[in-house]
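Participant: Residue numbers (this note's numbering): -11 to 615. By construction, the Cβ of each residue, glycine as well, lies at the ideal position given by its N, Cα and C atoms. Okay, handing you the structure first.
Structure (structure tokens):
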């Protein structure tokens, strides 16, 4: 057993006394204990962890359970009475924790069992995995061996290497089943995610990656495996007039055990403290050590007005839908929030991102859209210089509009520094690196983005393209197929597969893929006979030429992204070796494309054009010579 200093012993004894004084109060938790100790939550966590190798909430629960054992041995209270006496609001949850801690249910407490002399003598209280529920069948001897082995393992915990920490927050369940509560539930979830994502000590999966599990019957172990998350947070919310009740539970997915559960009853006016408290508790349960800057970000309040906050949450709700109409609605809500609180930095960041997305969607002309995006991003940073959501907008504008690569890289690196779990930041930085021909670095960044957002079809498409341009065609195919698993009709993925098979010389699979492309593009027509005739007459070159003509004359072929029409035609001409036509269509693409196509300098199809005078002139004319 690890010896403890006298000061640590005195410290834990003082903590124990304070907890016992407040034993009946089920809401007496980390914040209340820190306040009575005259310490910050982070300092309390550090001291408790040093003294006992436990989290603060774990320490509090163990005090409650030790006292519960004393009461039950006295025989004057039943299980329900004992549960309430020691601060458990639910007798059922008390019984589970008690059984997990002592190895027997509270209703069967032996009179001769000894209460641990101190918390240092007790095991780390963590509710056990559901997979252990049927182990009562194990013989007594085997049980003793397991317990002894567990004690040996526990005694050496301090020397073990920490496992990777990652958390996914599942969509909160709306117990009211109305849109207003859903907006509130999603907004609270996003706020918690945002606060956690600033912590360097663990990674936070994006809300996009967890959206597929909304109302899903998928089991927790399965979700954890699919997301590669070591922790999952579940929650449900009940909203009535100006009051909310939130139930949350944190699950250790590696061991399939619930390590924290709580219920919060708050007025809407106290929602800011509530979100901060939940975020802090999660960080503590995951034993994250926060820097002063991370502590500040965790507790940051961007507005004190609950109405402005509610309007901001509505803006975020519609922004996440990403359709043009919903993005326009989000702008209206962000502006309403700013009308109430003109200094609301997050609302300015919301406006900046909405204008950026609408400009990419061609709702706004690039000059107007990008200028508005830059204006509001700068206003957001004037209120808070550490908003990753604003820096990413400035980085995107620098790359895709201003073609200021150095500024773009600076802003995107700042985004990642401020929010290492921001998948979009890593995605955009990967795209910039790819434009610069730094393809291996670009691959690293898109890998991180996928780790954070593992259910994003678009992320896998970008990774397929990274592998494609690195000539790793096997991986290009694997990742493009993953896109199709997520989104079966994603035409861009099929085009990657088709071009990859062309490079591999796999005519059979290239033809098969092309027929799928034609069918998805225009189901009313059967192009299969034409494809087969072209192949019989002139091989794949004839097939590609016929395909190019269809792209040029049939709008349905490029309905998913008509402004990439000339880009794809140039690529296909280059693949079959018609460099003259490839450059012709590159020039047309450069004239028609909204965002200057910097990618052409390092595209795999255009390596053979590097010494062509027309290609060099095009690169220079586009300002890409020094890229």
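Please identify the residue among 352, 358, 294, 349 whose C-alpha is closest to the C-alpha of residue 329.
Facilitator: Ranking 352, 358, 294, 349 by Cα distance to residue 329 puts 294 first.
Participant: Helix, strand or coil: which one does DSSP assign to residue 44?
Facilitator: Reduced to three states, the DSSP call for residue 44 is helix.
Participant: Under 8 angstroms by Cβ, that's how I've got residue 369 and residue 375 pegged, so tell me the actual separation to the nearest angstrom.
Facilitator: The Cβ separation is near 6 angstroms, so the contact holds.
Participant: If you compare alpha carbons, which of 185, 39, 55, 51 is closest to residue -6?
Facilitator: Of 185, 39, 55, 51, the residue nearest in Cα terms is 39.
Participant: Spatial neighbours of residue 492 within its chain, please: C-beta separation below 7 angstroms, excluding the five flanking residues on both sides.
Facilitator: 461.
Participant: I'd like to confirm the pairing. Which residues does DSSP put opposite residue 307 in its beta bridges?
Facilitator: None; residue 307 has no bridge partner.
Participant: Beta-carbon within less than 7 angstroms of residue 331's beta-carbon, same chain only, minus the 5 sequence neighbours each way: which residues are those?
Facilitator: Here the set comprises 371.
Participant: What's the C-alpha gap between residue 250 and residue 299?
Facilitator: One C-alpha to the other measures close to 27 angstroms.
Participant: With DSSP as the reference, label residue 291 as helix, strand or coil.
Facilitator: In the structure shown, residue 291 sits in coil (DSSP, three-state: anything other than H, G, I, E or B).
Participant: With residue 14 as the anchor, note down where its alpha helix (DSSP H) starts and where it stops.
Facilitator: Per DSSP, residue 14 belongs to no alpha helix (DSSP H) and is neither H nor E.
Participant: Whole angstroms is fine: what's the gap from residue 417's alpha carbon to residue 403's?
Facilitator: Computed Cα separation, rounded: 9 angstroms.
Participant: Tell me, which residues are paired with residue 223 by DSSP?
Facilitator: Note: residue 223 sits in a beta bridge opposite 236.
Participant: Pick helix, strand or coil for residue 79, following the three-state DSSP scheme.
Facilitator: Looking at residue 79 - three-state DSSP - the assignment turns out to be helix.
Participant: How would you write the range of the alpha helix (DSSP H) that residue 318 sits in, first residue to last?
Facilitator: Where residue 318 is concerned, the enclosing alpha helix (DSSP H) stretches over 312 to 328.
Participant: Counting beta carbon pairs with one atom in the segment 567 to 580 and one in the segment 496 to 511, are three or more of them shorter than 8 angstroms?
Facilitator: No: the two stretches stay apart, fewer than three of their Cβ pairs being nearer than 8 angstroms.
Participant: Is DSSP giving residue 132 helix, strand or coil here?
Facilitator: The predicted model places residue 132 with a pLDDT of 30, which falls under 50 and marks its position as unreliable, so this point remains unresolved.
Participant: In this structure, does DSSP put residue 162 in helix, strand or coil?
Facilitator: In this structure, residue 162 counts as strand in the three-state DSSP scheme.
Participant: Determine the contact status of residue 588 and residue 557, defining contact as a CB-CB distance below 8 angstroms.
Facilitator: Cβ distance not < 8 angstroms, so residue 588 and residue 557 don't count as in contact.
Participant: I need the straight-line Cα distance from residue 23 to residue 12, nearest angstrom please.
Facilitator: The straight-line gap from Cα to Cα measures roughly 18 angstroms.
Participant: Taking the alpha helix (DSSP H) that residue 520 falls in, what are its first and last residues?
Facilitator: Start and end: 516 to 541.
Participant: Decide if the segment 190 to 206 is in contact with the segment 152 to 164; the criterion is three or more beta carbon pairs, one per stretch, under 8 angstroms apart.
Facilitator: With a cut-off of 8 angstroms, the segment 152 to 164 and the segment 190 to 206 count as touching, because enough Cβ pairs lie within range.
Participant: Would DSSP call residue 231 helix, strand or coil?
Facilitator: It is a strand residue.
Participant: Over the uninterrupted alpha helix (DSSP H) stretch that includes residue 554, give me the two end residues.
Facilitator: Taken as a continuous stretch (DSSP letters only), the alpha helix (DSSP H) holding residue 554 covers 553 to 563.
Participant: Among 160, 91, 425, 455, which has the Cα closest to the Cα of residue 435?
Facilitator: Checked all of 160, 91, 425, 455; the closest Cα to residue 435 is 455.
Participant: What do you reckon, are the CB atoms on residue 538 and residue 528 nearer than 8 angstroms?
Facilitator: No.
Participant: Are there 16 or more other CB atoms within 10 angstroms of the CB of residue 0, so buried, or fewer, so exposed?
Facilitator: Burial call: buried.
Participant: Pairs of beta-carbons, one from the segment 310 to 328 and one from the segment 251 to 258, closer than 8 angstroms: are there three or more?
Facilitator: At 8 angstroms Cβ cutoff, the stretches do not touch.
Participant: For residue 7, does the three-state DSSP call read helix, strand or coil?
Facilitator: The answer is helix: DSSP assigns residue 7 an H, G or I state.
Participant: For residue 621, which of helix, strand or coil comes out of DSSP?
Facilitator: A question about residue 621 goes unanswered here, because the residues of the chain that appear run from -11 up to 615.
Participant: Whose C-beta lies closer than 7 angstroms to the C-beta of residue 202 among residues of the same chain, with five residues either side of it excluded?
Facilitator: So the qualifying residues of the chain are 159.
Participant: Go to residue 157, then tell me how far its beta strand (DSSP E) extends in each direction, as first and last residue.
Facilitator: Per DSSP, residue 157 belongs to the beta strand (DSSP E) from 154 to 157.
Participant: Which same chain residues, not among the five before or five after residue 325, have their C-beta less than 6 angstroms away from its C-beta?
Facilitator: Closer than 6 angstroms at Cβ, skipping near neighbours: 296, 299, 300, 332, 335.
Participant: Decide yes or no for the touch test of the segment 198 to 215 against the segment 281 to 294: beta carbon pairs closer than 8 angstroms, at least 3 of them.
Facilitator: With the cut-off at 8 angstroms, the segment 198 to 215 and the segment 281 to 294 do not touch.
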